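This report refers to the structure that appears directly beneath it.
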Amino acid sequence: MSGTAGTSGTPGTKIVLPVEGMTCAACQANVQHALTAAPGVAKAAVNLMTHEATVHYDPAATSPERLVAAINDTGYVSHVPTAGTASDDDERERTQAREYSALLTKAVVSLLLGAFAMITSMPLMSGGAHGAHSSDPLIAWTMRVLDPPIRRVWPALYAVDPTTLLFVLLATTTFVMAWAGRHFYVRAWKGLRHRTADMNTLIAIGTGAAYLYSVAATLAPELFATNGARADVYYEAVIIIIALVLLGNAMEARAKRNTTRALRQLAKLQPSTARVRRDNQDIDVAIAEVRTGDLVIVRPGERIPVDGVIRSGRGAVDESMLTGESIPVEKAPADRVIGATINSAGSLEIEATSIGASSVLARIVQLMKDAQGSQAPIQRLADRISAIFVPAVLSIAIATFALWMIVPGESSFASALTAMVAVLIIACPCAMGLAVPTAVMVASGRGASAGVLIKGGEPLERLAGVDTVVFDKTGTLTEGRPAVVDAQILGDRDRTLSLIAAVEARSEHPLAKAIVTYHPAEAGHRAVHRVDNLTALAGRGVLATVDGHHVIVGTQPLLDESKIDSSAFAGTLSAWTAKAHTVVLAAIDGKAVAAFAIADTLRPNAKIIVESLKRRGLRVVMLSGDRKATAEAIAHQAGIDEVIAEVLPDGKVNAIKSLQQGGHRVAMIGDGLNDAPALAQADIGMAMASGTDIAAEAASVTLMRSDLAGVEQAIVLARKTMQTMKQNLFWAFVYNVVGIPIAAGVLYPAFGILLSPILASAAMAFSSVSVVSNSLRLRGASLS
Amino acid sequence: MTPLDWAIAASAIALIAFVNWFFLGSKGPAVVAAAAAPGSVVDVIVLVEGGYTPSTVEVPAGSRVRLTFDRREDNPCSDEIVIPDFGIRKPLAAHARTSLEFTATPGRHEFSCGMGMLHGAIIGK
Numbered sequence: 001m002s003g004t005a006g007t008s009g010t011p012g013t014k015i016v017l018p019v020e021g022m023t024c025a026a027c028q029a030n031v032q033h034a035l036t037a038a039p040g041v042a043k044a045a046v047n048l049m050t051h052e053a054t055v056h057y058d059p060a061a062t063s064p065e066r067l068v069a070a071i072n073d074t075g076y077v078s079h080v081p082t083a084g085t086a087s088d089d090d091e092r093e094r095t096q097a098r099e100y101s102a103l104l105t106k107a108v109v110s111l112l113l114g115a116f117a118m119i120t121s122m123p124l125m126s127g128g129a130h131g132a133h134s135s136d137p138l139i140a141w142t143m144r145v146l147d148p149p150i151r152r153v154w155p156a157l158y159a160v161d162p163t164t165l166l167f168v169l170l171a172t173t174t175f176v177m178a179w180a181g182r183h184f185y186v187r188a189w190k191g192l193r194h195r196t197a198d199m200n201t202l203i204a205i206g207t208g209a210a211y212l213y214s215v216a217a218t219l220a221p222e223l224f225a226t227n228g229a230r231a232d233v234y235y236e237a238v239i240i241i242i243a244l245v246l247l248g249n250a251m252e253a254r255a256k257r258n259t260t261r262a263l264r265q266l267a268k269l270q271p272s273t274a275r276v277r278r279d280n281q282d283i284d285v286a287i288a289e290v291r292t293g294d295l296v297i298v299r300p301g302e303r304i305p306v307d308g309v310i311r312s313g314r315g316a317v318d319e320s321m322l323t324g325e326s327i328p329v330e331k332a333p334a335d336r337v338i339g340a341t342i343n344s345a346g347s348l349e350i351e352a353t354s355i356g357a358s359s360v361l362a363r364i365v366q367l368m369k370d371a372q373g374s375q376a377p378i379q380r381l382a383d384r385i386s387a388i389f390v391p392a393v394l395s396i397a398i399a400t401f402a403l404w405m406i407v408p409g410e411s412s413f414a415s416a417l418t419a420m421v422a423v424l425i426i427a428c429p430c431a432m433g434l435a436v437p438t439a440v441m442v443a444s445g446r447g448a449s450a451g452v453l454i455k456g457g458e459p460l461e462r463l464a465g466v467d468t469v470v471f472d473k474t475g476t477l478t479e480g481r482p483a484v485v486d487a488q489i490l491g492d493r494d495r496t497l498s499l500i501a502a503v504e505a506r507s508e509h510p511l512a513k514a515i516v517t518y519h520p521a522e523a524g525h526r527a528v529h530r531v532d533n534l535t536a537l538a539g540r541g542v543l544a545t546v547d548g549h550h551v552i553v554g555t556q557p558l559l560d561e562s563k564i565d566s567s568a569f570a571g572t573l574s575a576w577t578a579k580a581h582t583v584v585l586a587a588i589d590g591k592a593v594a595a596f597a598i599a600d601t602l603r604p605n606a607k608i609i610v611e612s613l614k615r616r617g618l619r620v621v622m623l624s625g626d627r628k629a630t631a632e633a634i635a636h637q638a639g640i641d642e643v644i645a646e647v648l649p650d651g652k653v654n655a656i657k658s659l660q661q662g663g664h665r666v667a668m669i670g671d672g673l674n675d676a677p678a679l680a681q682a683d684i685g686m687a688m689a690s691g692t693d694i695a696a697e698a699a700s701v702t703l704m705r706s707d708l709a710g711v712e713q714a715i716v717l718a719r720k721t722m723q724t725m726k727q728n729l730f731w732a733f734v735y736n737v738v739g740i741p742i743a744a745g746v747l748y749p750a751f752g753i754l755l756s757p758i759l760a761s762a763a764m765a766f767s768s769v770s771v772v773s774n775s776l777r778l779r780g781a782s783l784s
Numbered sequence: 001m002t003p004l005d006w007a008i009a010a011s012a013i014a015l016i017a018f019v020n021w022f023f024l025g026s027k028g029p030a031v032v033a034a035a036a037a038p039g040s041v042v043d044v045i046v047l048v049e050g051g052y053t054p055s056t057v058e059v060p061a062g063s064r065v066r067l068t069f070d071r072r073e074d075n076p077c078s079d080e081i082v083i084p085d086f087g088i089r090k091p092l093a094a095h096a097r098t099s100l101e102f103t104a105t106p107g108r109h110e111f112s113c114g115m116g117m118l119h120g121a122i123i124g125k
C-alpha cells in the first residue's frame, strides 16, 4: 500500500497512521490495545502528542485498511495516509537521489580508470612480447593517434615489462567490474536463476565474454599462439563500456525523475499549517488537525490551507496553480475557495468544507498519480517486443559469433568476439520500455499545470484521434446564468431601474436576478424602498407597490392583461424575439417604462475557441435541450454551424451515437452531472469542473478553467503527446533494428566497418536518454 | 565449410534453441492459492528477485485477491509492477513488501515489470 515502508530489524512492514480525537492517556492506551490485539500486528505504538500510531505488522495477515478499521472501531478516527502527503514519496525521492549520485560517482571513476587503462596498454599495442593490441577498432585507432605523444611524454612506460602492464590492466578491470559494475552481474545472475533476462543480462554477458577472453590471453598466451590466433585484450573496452552504461543509467534516472516533477510540485502546494479560530482565539494548527466546519483565517498573501466557503471578507484569489488561469479571481462571502490557492489580496475567514484526501488538491494529485500509472494502448506493441527482446538479441549474438567464425576471409576469433560483444551491448530494451510511459507522465503533468486533468494514457490516445467536438450549450458554451443583454428604458433611467430592482430583489427567479444584477447600485434598494403587496404570478411576473407606486414586472401577456400599452417597445421587442432573447417588460403606475432582453451569455472566449478548433480541422457541433431558435441564436454567436436542438437528456446519448455511427470520433464537452450519460457515450468526455467537482466519473478529461480554453489545450496536448510517443517508439525500434545488424558486422563485407563495442555502449546509453529527453520536451510544449 | 565450421554452426543453433527455451519456455505449473476462510481475501505473496516467484498463480474466479510483492532487490528493472487488466501500475519499494487488492475476474491476467521484461500471471479459475 502507499503507506508502507520496509524496516530492517523488525519483521513485516511498518506504517504510520494518523489518529484523530485522542485527548488523554486513556485514549492512547485504548487505541494501542486495539491495535496490538488486531491480527497480524507485531508491535504498535501510539503517540498522543503527534497523534500517530506506528504499527509493525505482517502484510500477509492484515492491511493498512484493516488497521484503520481497528482504530475506527475504538471511536477514534484514522485513515490510510494519502498519497502526496505521506512521507513515502519523500523517501522514494531521497532513495532515487542517492541512487543517482552513486551511479554518477561510479561512472566518473570508471571513465578515469578507463583512460588510465588506455594509456597503460599503449606499449602493448606497439608490439610488446605478446604482440597484443586492442581488438576494439575505436581503441586501436585512438591508440595509433596517441602513441607518439605519450611515447615522448612518458618514455618510462614503454620500458615496463608488457606482462606487468597486462597484469595491471587485469587488476584495474577486475576492480571496476567488481565495484562499479557489480550490480550488472548480480542482477543478471538472479535473473538467470528465474529464467528471466533483461538489460543486465546483455551487459553482463557482453562484458563478461570480453573480460574472460582477455584474462585467458593474459594468463595463457601460448594457447592462442599455437592456434594461430592473436592474444588480444579488451580490458580498456570492458572498463569504458561499464562506465558509459553507468553514465547512461545515471542520466536516465535523472531524466525519469523529471518526468514526475509536475506531480511532486503539485503535492508540495499543500500548506502544513492553518490558522484556525477556536474559542475566539486564532491559533496555528497542523493541517491534519483542521476539521470540517472550522473557521480558518487567511491573511493577504497567504496560501489558503483548506477547501472552504468564505464566511466573511473579500479577496482576489490566485488559482493559477490548479486551474491555469493567470488572472486572480474575485471572491466574496459564500464563494468557494480551494486549498493551495493563494489569497493575493484581502483577509478571508473561511469555513473548512473538505480536508485531507477529499480535498480538491488531494484528488487532483491522486487523479494524476492514477493517470501516470495508466497504460496507453500504443504501448502494447512495445510490450510484445520487450517480452522476447533479450532472448532474441542473445540469439542474434550467438549467430553473429558463429558466422564470423565460419565465413572465410579475414574473420578471426577476435573479430567474432568483437562483433558479438557489440551486438549484446548495443541492444537497448530500455528505450522501448520508456517510450510511452514517460510521455504519459510528462503530458499529464503539463496538462495539470494548465488546469487540464487527463485520466491517463488511453484517454490521451483517444483524445488525439478525435475529429468532432460536441459542446453542450447551457453551462458549457454559455455561462449558464441568464443576464440582461439589452435594455430600453423610458424616462428617468435611474429611478425606473431602482423601483424595478426593488421588486425583483425579492424574487428568486433567475430572470429577476438578472435584472437586479443589471442595475448598477443594486445593493442599497431593499433599504431605500418600501415594498408592499408583493404578488408573484408563476411564469408571468411580479406585482408590488413600491414607495406608493404600482409596479409590474413580467411578460408581455401580463402587461396586456393589465391593459397597459407597450406599443412603444414593439420594434425593439420583435428584434429581440428574432434573436431568441427572453423579453421582460416593466410598468410603473400603469405605464410601460422598461423592456429587458435577457439571454444566457456565451463564455467570454467561446467564439475564439470554436474558430480555433475549426482551424485545426475539427467539426464543431452544439447540442442543446433548448428550443431551436434559442439554440441557433447562441450557436450563431459562437460561430457554430451545426446545431442539434430540442434533445432530451437521453436524446443527447443518441445524438452522440449517431455521430459515432457516421464514423466520427467524438469528444463531448459538458458538465459532469447532467451530461454524464453523453460524456460516457462519447469517445472522450470532457467535464467543466464546477467549483470543486474535479473527478467527474463519466469524463476522461476535467477542465479546471472556467473558460473554454482548456478544450483546445487538451486536444493540442493529446496530439502532441501522441506524436511524442510515436517518435519515441520509432526511434527506439529503428535504433535497435539498424544498430544491431551494424554491430553484427553487416557493413563489414562492403565497407570494412566493424562497430566498436565502446561506440555500441555509447549509442545504447544515448538511446534511452534521448527517448526520455524527447518526452520531457512536452513539459514546455505550447498548448495554444 | 570445414568440419570445424559445421561443428560451430551446429553448436550455435543448439545454443540459440536452448536460450529461447530457457527464457521463453514454460516455467513450471501454476501455484494454486485459496482463501484462508470462505469469503475472505485470497493472499498471494510473490517474491520479486530477478523475476517473479511464483510467476503464475491460480485463484478462485471472482475472489478478492491481495497480491503482495516482496521485492528483495534494488534492480531498477523490477521497480514497477503493471497489471493492465486491472489498470494497476505501481512502484515497488526496494527490500519491502507492496500489496495490491483487486477482484480476480475469470481468465488470465498478465502482470509484468514497468518495461514488460519480467512476466507473471494471475489466473481466475
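Chains A and B, in that order, give the protein sequences. Position 153 of the first sequence, counted from 1, bears residue number 153 in this note's numbering, the numbering being contiguous throughout. Position 12 of the second sequence, counted from 1, bears residue number 12 in this note's numbering, the numbering being contiguous throughout. For every residue, glycine included, the Cβ atom is placed at its ideal position computed from N, Cα and C. Quick caveat: nothing in here was measured; it's all calculated off a predicted structure.
- Leaving aside the five residues that flank G114 (chain A) on each side, the residues in its chain whose CB is nearer than 7 Å to its CB run, in chain order, E236, I239, I240, A243.
- Think of a sphere of 7 Å around the beta carbon of P3 (chain B): no beta carbon from chain A falls inside it, the nearest being about 12 Å out.
- Segment contact: the region 110 to 117 of chain B against the region 387 to 404 of chain A, three or more CB-CB distances shorter than 8 Å; contact assigned.
- Chain B places a beta carbon closer than 8 Å to that of K190 (chain A), counting this residue as a contact.
- For the options A:K579, A:V16, A:I350, the alpha carbon positioned closest to that of H636 (chain A) is the one of A:K579.
- Every unbroken stretch of the beta strand (DSSP E) spanning 3 or more residues and falling wholly within the region 219 to 302 of chain A is given here in chain order: 273 to 278, 281 to 286, 295 to 298.
- The alpha-carbon of T172 (chain A) is positioned some 8 Å away from that of A117 (chain A).
- For M405 (chain A), the chain B residues whose C-beta falls within less than 8 Å of its own C-beta are D5, I8, listed in chain order.
- Within 8 Å of the CB of R66 (chain B), the CB atoms of chain A belong to S63, in sequence order along the chain.
- The criterion of a C-beta distance shorter than 8 Å is satisfied by S99 (chain B) and S63 (chain A).
- For Q372 (chain A), no beta strand (DSSP E) encloses it; the enclosing alpha helix (DSSP H) starts and ends at 360 to 372.
- Of the residues A:P155, A:V19, A:P429, A:I398, the one whose Cα lies closest to the Cα of I13 (chain B) is A:I398.
- Counting the other CB atoms within 10 Å of its CB gives H95 (chain B) a total below 16, which places it among the exposed residues.
- A512 (chain A) and G447 (chain A) have their C-alpha atoms some 39 Å from each other.
- T196, A197, D198, M199, N200: these are the residues of the region 196 to 216 of chain A whose beta carbon lies less than 8 Å from some beta carbon of chain B, given in chain order.
- The secondary-structure analysis by DSSP pairs V337 (chain A) across a beta bridge with A:G308.
- Under the three-state reduction of DSSP, E461 (chain A) is assigned to helix.
- The C-beta of F18 (chain B) has fewer than 16 other C-beta atoms within 10 Å across all chains shown, which makes the residue exposed.
- At least one C-beta of chain A is nearer than 8 Å to the C-beta of H119 (chain B).
- Taking a C-beta distance under 8 Å as the contact criterion, G745 (chain A) and T196 (chain A) do not qualify as a contact pair.
- Distance from the CA atom of G191 (chain A) to the CA atom of A431 (chain A), rounded to whole angstroms, is 20 Å.
- With a threshold of 8 Å between beta carbons, P391 (chain A) makes contact with chain B.
- If the five residues before and after S768 (chain A) are omitted, its C-beta is found closer than 7 Å to the C-beta atoms of G248, E252, C428, C430, A431, L434, all from its own chain and listed in chain order.
- In the DSSP assignment, E20 (chain A) is bridged to A:V77.
- For the pair V666 (chain A) and Q660 (chain A), the CB atoms are nearer than the 8 Å cut-off.
- Secondary structure of C428 (chain A) (DSSP, three-state): coil.
- In terms of beta-carbon proximity, G87 (chain B) lines the interface with chain A, with at least one pair separated by less than 8 Å.
- In chain B, no part has a C-beta under 8 Å from the C-beta of T259 (chain A); the shortest such distance is about 12 Å.
- If you look at V168 (chain A), you'll find it in the alpha helix (DSSP H) that goes 162 to 179.
- Note that the C-beta distance between A30 (chain B) and E58 (chain B) is below 8 Å.
- In terms of beta-carbon proximity, F111 (chain B) stays away from the interface with chain A, with every pair separated by 8 Å or more.
- Annotated as distal: I355 (chain A) and V309 (chain A), with beta-carbon spacing of 8 Å or more.
- T62 (chain A) carries a coil assignment under DSSP once its states are collapsed to helix, strand and coil.
- Residue-level contact by beta carbon fails for P221 (chain A) and chain B, as no gap is shorter than 8 Å.
- Judged by pairs of C-beta atoms under 8 Å, the region 497 to 505 of chain A touches the region 542 to 551 of chain A, as three or more such pairs exist.
- When only Cα atoms are considered, S55 (chain B) and D90 (chain A) end up about 31 Å apart.
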